[in-house]
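Report on one structure; see the data block that follows.
In my numbering, the protein residues as written are 269 to 762.
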């Protein structure tokens, strides 16, 4: 166990780096801003490595704990810690930030310092969400992380960016207000504690548990997003710049799912069991119905956005079967989705930067002019479809296996999405990549450069590593998942 404040470094180092980048000022200093942003992102990632190296695999509780008084009058503390569930997302978030800074290296030419600073600051805020063990601290980071993403979509997005940014902000803000009411209720009924770990031990009757669960559900369902509060996501993805789409898919969607594990299940376990059938039904609708919606999309970004909703449906399905296999499968799916969806959005960004269109009909025969890109794009499309030996397969397989033990027909419905996932992913790939060169724009395409190849190559290695050898990931989360489930299976009704 490290004596260094690693979690504080993981939170405040990228925020400090973002402020420094912001101080470089105008676009005359754009090369300096880019270099400082990259150095800051790499340094922020390096300070998270000791979290993995020093992690005790046999202990399911919080590790690397930091505690300091913040607002003593209301018993609000600067309380940080990670377990085997949250630690992986801190590292994933720091890793994705490097990818995002590199992805915008040549593409973003206006307000370069502000663009990179927004991503660095957001990275620190999201690490704060994953590491917070105080309810108010969690809420502050949870809300503050909206601001950089709102600016990223609204300033550097597409033609309808303002509409998409407002929709994103209003949906998530509405859910957050109910979340705040739930936190205040818990503060009062715990005798004046904002400690999330204290709330886990709080004895509550079924009726208040159900109201709390529903408040948490609305807040976190919007973030995931679950059906039917998912409509903000396709708009946000389509209008966001490539870096914004990568962070939105790879990290921001995970915040809602993480909230279920940190709040809904341990604080209201009886309500979770009572409403499990509702959660499973909503998850299956996301998995199956949204898969069909993805199938008819003409815009590549919208197709991948809808596929993200379907993949996150697997995550919530895994949580509410209350089995170690299901929860671990859902967590593996979340991490895999970070690699695969980030890569898919980057691939679409690569083509958009050259052709300035995301319409599938505007492409065809790309393999003839971009063979290296086509090969890497094929790997990520296959991973998106859940091909064995890729990370996309492992999590879905574990969730379906858990579903078979839970209920055969639930497993059957979930398994149909693998066919749908293959259908929409490969349909898009076939029309964009294969065939003869469709038009002069495709004929003039140049293959990926060294920077693009490096980004896609790293993501490809991560996708294959997790697909072929997922054990390091499952070992880290195993003890914490078991501790969570032991807690969930104990009734709080007195």
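Where is the CB? At the ideal position from N, CA and C, for every residue including glycine.
Contact annotation: residue 616 and residue 566 have beta-carbon atoms that are not nearer than 8 Å.
In this structure, residue 370 places its C-beta atom within 8 Å of the C-beta atom of residue 719. In this model, residue 586 and residue 668 are separated by some 8 Å (Cα to Cα). With fewer than 16 other Cβ atoms inside 10 Å of its own Cβ, residue 677 counts as exposed.
Rounded to whole angstroms, residue 299 and residue 311 show a C-alpha spacing of 18 Å. Taking the Cβ atoms as the reference, residue 535 lies roughly 6 Å from residue 468, within the contact range of under 8 Å. DSSP, read as helix, strand or coil, puts residue 350 in strand. Assignment of beta-bridge partners to residue 395 by DSSP yields no partner. Contact annotation: residue 278 and residue 307 have beta-carbon atoms that are not nearer than 8 Å. Of the other Cβ atoms in all chains shown, 16 or more fall within 10 Å of the Cβ of residue 664; this residue is therefore buried.
In the DSSP assignment, residue 334 falls within the unbroken beta strand (DSSP E) covering 331 to 339. Boundaries of the alpha helix (DSSP H) harbouring residue 503: 500 to 507, taken from the DSSP string. Straight through space, the alpha carbons of residue 728 and residue 673 are spaced by roughly 32 Å.
Here residue 463 carries a strand assignment [DSSP, helix/strand/coil]. Cβ neighbours of residue 501 within its own chain (closer than 6 Å, five residues either side excluded): 493 and 573.
Going by beta carbons, residue 539 and residue 749 fall outside the 8 Å limit.
Ranking 529, 739, 406 and 337 by CA distance to the CA of residue 752 puts 529 first.
Secondary structure remark: continuous alpha helix (DSSP H) runs of at least 4 residues inside the segment 700 to 757, in chain order: 708 to 711, 718 to 736 and 739 to 756. For residue 663, the uninterrupted alpha helix (DSSP H) segment begins and ends at 659 to 674. Judged by DSSP in its simplified three-state form, residue 630 adopts helix. For residue 649, the enclosing alpha helix (DSSP H) stretches over residues 639 to 652. Residue environment: residue 739 is assigned as exposed (fewer than 16 neighbouring CB atoms within 10 Å of its CB, all protein chains considered).
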